[in-house]
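A short write-up of the structure that comes next.
And the structure:
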C-alpha cells in the first residue's frame with residue numbers, strides 16, 4: 024500500500040503514477056479479501072459436507088471496486104495520451120518547464 | 411403513475427444514468443441537449459413529488475429489490491438531504507439550459523453531444539451520493555461522479571491544454587481519496603459486519619468504549635471524504651480543475667459536487683459516529699476548526715492575488731468551503747444549521763458567479779483576466795449586473811442570501827462564545843471585499859467607453875434566475891432556514907437516539 028503511494032508521490036512520469044495508483048488500489052482489494060478468510064473455510068456453496076465457508080460479501084464488493092479501478096486506470100491513461108499529444112512529453116518536470124516558458 | 415411514484419427515490423438516480431447511456435449514441439448535439447432538458451424537467455417533477463411525500467409522511471427508506479436493509483442497498487430521504495435534493499434538481503435544470511451555448515463555443519461541436527452523456531452521468535451519481543444509505547454504495551457513486559467530472563474537465567482542453575494536467579491531477583488525488591475511504595469502509599466492515607448506515611449505528615453501539623480499529627477506520631473515511639470535498643489542506647486539485655474546465659462544468663461542480671460530498675461528510679460525523687463523543691470533539695475542535703479558519707484565510711488571500719478570474723473564484727470557493735466546515739465544526743444545533751444554510755446559499759452564489767464569468771469567457775474567446783474585462787460593464791450590462799449581485803452576496807451584503815448565512819454563522823459562534831473566531835471571520839469577510847472590488851472596479855469604473863452589445867437571452871435568463879433567487883432568498887429567507895433546521899435537527903437529534 025505504502026509503496027504504491029510512494030510511487031505516486033515521487034515519480035515524475037505520469038504513466039508510473041498510474042501504475043502506482045493501481046498498486047495502491049490493489050493492496051486495498053487484498054486487504055478486503057483477507058477480511059473474508061475463515062480458517063478451513065471453503066467456497067460458500069450450500070451442501071451437506073461443508074458448513075464452514077468464507078464470507079462472500081467482501082469478494083463481491085471488491086469485484087465492484089476492481090471495475091472502478093480499471094475504469095480509473097483507463098481514463099488516466101487516456102488523459103496521459105492526450106497530454107503526450109499536446110506537450111510532447113509525459114515527464115512532470117519537462118511539462119512544468121514548458122509551462123514556465125509559456126508564462127514568461 | 412403510481413408505480414413511478416413508488417420507485418421515485420430510485421428513479422431520480424437511475425433515470426439520468428440510463429438516459430446518459432442512450433445519449434452517448436445520438437449524433438446530433440441539439441437533440442442530445444433537448445433530451446437532457448426533458449429528462450431534467452422530469453427529474454425535477456420527481457424530486458418535487460418526493461419532497462411532497464416527505465412533508466406528509468416523513469422519512470422515506472427505499473429498499474432496492476425489496477431486500478430488507480442490513481442485506482440490501484437502501485436509499486434514505488430524510489430531513490438532511492430532502493431540501494438539497496430539490497435545490498439540486500432545480501439548479502441542474504437551470505445550468506443545463508445555460509450550458510448549450512457554452513458547450514458549443516468552448517468544446518468541439520462534435521463532442522458537445524457526448525458531453526451531455528457525461529453531464530447526466532455526473533448528475534445521476536451526485537444524486538446518488540446525496541441519497542444513499544450504504545457506505546460502500548457511496549464509494550461507487552463517488553467514483554462515477556469523479557470519473558465523469560474528470561472527463562468533463564479534460565474537455566476544456568479545446569480552449570486551454572492545461573485542462574488536461576488539471577484533469578490528471580484530479581484523477582490521481584481523487585483516486586487516492588476514494589481509496590482511503592474504502593480502507594475506512596473495510597475497517598468499519600471488519601468490526602461491525604454491516605455496510606448499511608442505520609445498521610452501522612446500532613452495531614457500533616456495542617463498542618461504546620471505542621476500539622482502535624474503529625477510530626482508524628473513521629479517520630480513513632473522514633480523510634478520504636475531506637480530499638473529495640476539497641477541505642484545506644487537501645484542496646490542491648480544486649483550483650486548476652475549476653478554472654480550466656468548460657464554464658458550464660465549473661458551474662455544476664462549484665455549486666453542487668463538493669456540497670453533495672460535504673452533506674455525506676456531516677452525516678458520517680454526526681449520525682454514524684455520534685456515539686464517540688470524545689473522539690468527535692477532538693476531531694472537530696483540534697482538526698476541523700483550525701483547518702477551516704486557515705482555509706478561509708489562505709483561500710481569500712490567494713484569491714486577492716489572482717489575475718485570472720475563474721481561478722480567483724476557485725480560491726474563493728476554498729474559503730467558502732472553509733466557512734461551511736467551520737459552521738459544522740461547532741458541535742451543536744445552531745452550528746450545523748448555519749452550515750446547511752451556507753451550503754444552500756453558497757451553491758446559488760458560486761453557481762451564478764461562474765455562469766456570468768463563463769459568458770464573459772465565451773464572448774472574449776479567451777481566459778477572463780482582470781485586464782481583459784475592463785469596461786465590460788458597459789459592453790455587457792445585463793450579465794455584469796447579475797455578476798455584481800452574486801458578488802455582493804458573496805461578501806455578505808444585507809438583502810442578499812449571503813448575508814443570511816453570515817448572520818447564522820455569527821449567531822452560532824456567538825452562542826458558543828467563540829469570540830476570537832468571530833473576529834477572524836469578520837476580518838476575512840472584509841478581505842473578501844478586496845478581491846471582489848478588483849473585479850467591480852474593472853467592470854464598471856473604466857474610462858473605455860464601450861457601446862452596449864446585444865446579449866444572448868438563452869444565457870442571461872438562466873443567470874438572472876439565479877441572481878433573482880439570491881435576492882429573493884435574501885429577503886424571504888424563511889424557507890431556507892426551515893430546510894436547514896429540519897436538516898440539522900434530524901441530524902443532531904436523530905443521531906443521538
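Protein chains in written order, with my numbering: chain A, 24 to 127; chain B, 411 to 907.
Where a beta carbon is used, it is the ideal one built from N, C-alpha and C, also for glycine.
(request) Indicate whether the contact test is met: 3 or more Cβ pairs, each with one atom in the region 580-593 of chain B and one in the region 38-47 of chain A, closer than 8 Å. (result) Counting C-beta pairs with one atom in each stretch, the region 580-593 of chain B and the region 38-47 of chain A have three or more that are closer than 8 Å, which means they touch.
(request) Determine the closest residue to residue 765 of chain B out of B/814, B/659 and B/717, with distance taken between C-alpha atoms. (result) Restricting attention to B/814, B/659 and B/717, the CA atom closest to the CA of residue 765 of chain B is found in B/659.
(message) Excluding the 5 residues flanking residue 893 of chain B on each side, which residues of the same chain have their C-beta closer than 6 Å to its C-beta?
(response) Only 493 meet the Cβ criterion.
(message) Quick check: what's the CA-CA separation for residue 35 of chain A versus residue 24 of chain A?
(response) Straight-line Cα distance between these residues: approximately 19 Å.
(request) Check the Cβ of residue 861 of chain B against every Cβ in chain A and list those closer than 9 Å, keeping chain order. (result) Near residue 861 of chain B there are no residues of chain A at all, since even the closest Cβ is about 34 Å away, more than 9 Å.
(request) Please compile the residues from chain A whose C-beta is within a distance smaller than 9 Å of the C-beta of residue 546 of chain B. (result) Identification of chain A residues near residue 546 of chain B by a Cβ-Cβ cut-off of 9 Å yields 84, 87 and 88, ordered along the chain.
(message) Just list the residues that DSSP pairs residue 389 of chain B with in beta bridges.
(response) Residue 389 of chain B is absent from the structure shown; chain B starts at 411 and stops at 907.
(request) Please classify residue 440 of chain B: is it buried, with 16 or more other beta-carbons within 10 angstroms of its beta-carbon, or exposed? (result) The residue is exposed, with fewer than 16 neighbouring Cβ atoms inside 10 Å.
(request) Scan the region 693-725 of chain B for residues whose Cβ lies nearer than 8 Å to a Cβ of chain A and list them as they occur along the chain. (result) Using a CB distance below 8 Å, no part of the region 693-725 of chain B faces chain A.
(request) Could you work out which residue in B/888, B/533 and B/693 is closest to residue 626 of chain B when comparing CA atoms only? (result) Comparing Cα-Cα distances from residue 626 of chain B to each of B/888, B/533 and B/693, the minimum goes to B/693.
(request) Using the Cα positions of residue 841 of chain B and residue 657 of chain B, report the straight-line distance between them to the nearest angstrom. (result) If you draw a straight line from the Cα of residue 841 of chain B to the Cα of residue 657 of chain B, it comes to about 26 Å.
(message) Residues in the same chain with beta-carbon distance under 7 Å from residue 898 of chain B, minus the five sequence neighbours each way, listed in chain order, please.
(response) 743, 746, 747 and 750.
(request) Name the residue from B/838, B/777, B/884 and B/846 whose alpha carbon lies nearest to the alpha carbon of residue 809 of chain B. (result) Residue B/884 is the option with its Cα nearest to residue 809 of chain B.
(request) In the DSSP assignment, find the unbroken alpha helix (DSSP H) run with residue 105 of chain A in it and report its ends. (result) Counted as a single uninterrupted DSSP element, the alpha helix (DSSP H) harbouring residue 105 of chain A occupies residues 80-110.
(request) Counting only runs of 4+ residues fully inside the region 756-836 of chain B, write out the alpha helix (DSSP H) ranges in chain order. (result) 786-789, 791-805 and 811-825, all fully within the region 756-836 of chain B.
(request) Compare the C-beta of residue 29 of chain A with all C-beta atoms of chain B and state if any pair is closer than 8 Å. (result) Not one chain B Cβ lies under 8 Å of residue 29 of chain A.
(message) Check this for me: beta carbons of residue 652 of chain B and residue 739 of chain B, under 8 Å apart or not?
(response) No. Outside cutoff.
(request) Measuring only between beta-carbons, confirm whether residue 571 of chain B sits less than 8 Å from chain A. (result) Taking 8 Å as the CB threshold, residue 571 of chain B lines the interface with chain A.
(message) Can you find the residues in the same chain that come closer than 6 Å, C-beta to C-beta, to residue 587 of chain B, ignoring five residues on each side of it along the sequence?
(response) Here the set comprises 634, 637 and 638.
(request) Please check if any C-beta of chain A sits within less than 8 Å of the C-beta of residue 651 of chain B. (result) Chain A contact via Cβ: absent.
(request) Spatial neighbours of residue 909 of chain B within its chain, please: CB distance less than 8 Å, with the 5 preceding and 5 following residues excluded, ordered by chain position. (result) Because chain B is modelled from 411 through 907, residue 909 of chain B falls outside the range shown and cannot be assessed.
(request) Would you check if the distance between the CB atom of residue 779 of chain B and the CB atom of residue 741 of chain B is smaller than 8 Å? (result) Taking a C-beta distance under 8 Å as the contact criterion, residue 779 of chain B and residue 741 of chain B do not qualify as a contact pair.
(request) Determine the direct distance from the alpha carbon of residue 468 of chain B to that of residue 486 of chain B, and round the result to whole angstroms. (result) In a straight line, the C-alpha of residue 486 of chain B is about 11 Å away from that of residue 468 of chain B.
(request) Check each candidate in B/532, B/544 and B/498 and name the one with the smallest Cα separation from residue 481 of chain B. (result) Closest option to residue 481 of chain B, judged by alpha-carbon separation, among B/532, B/544 and B/498: B/544.
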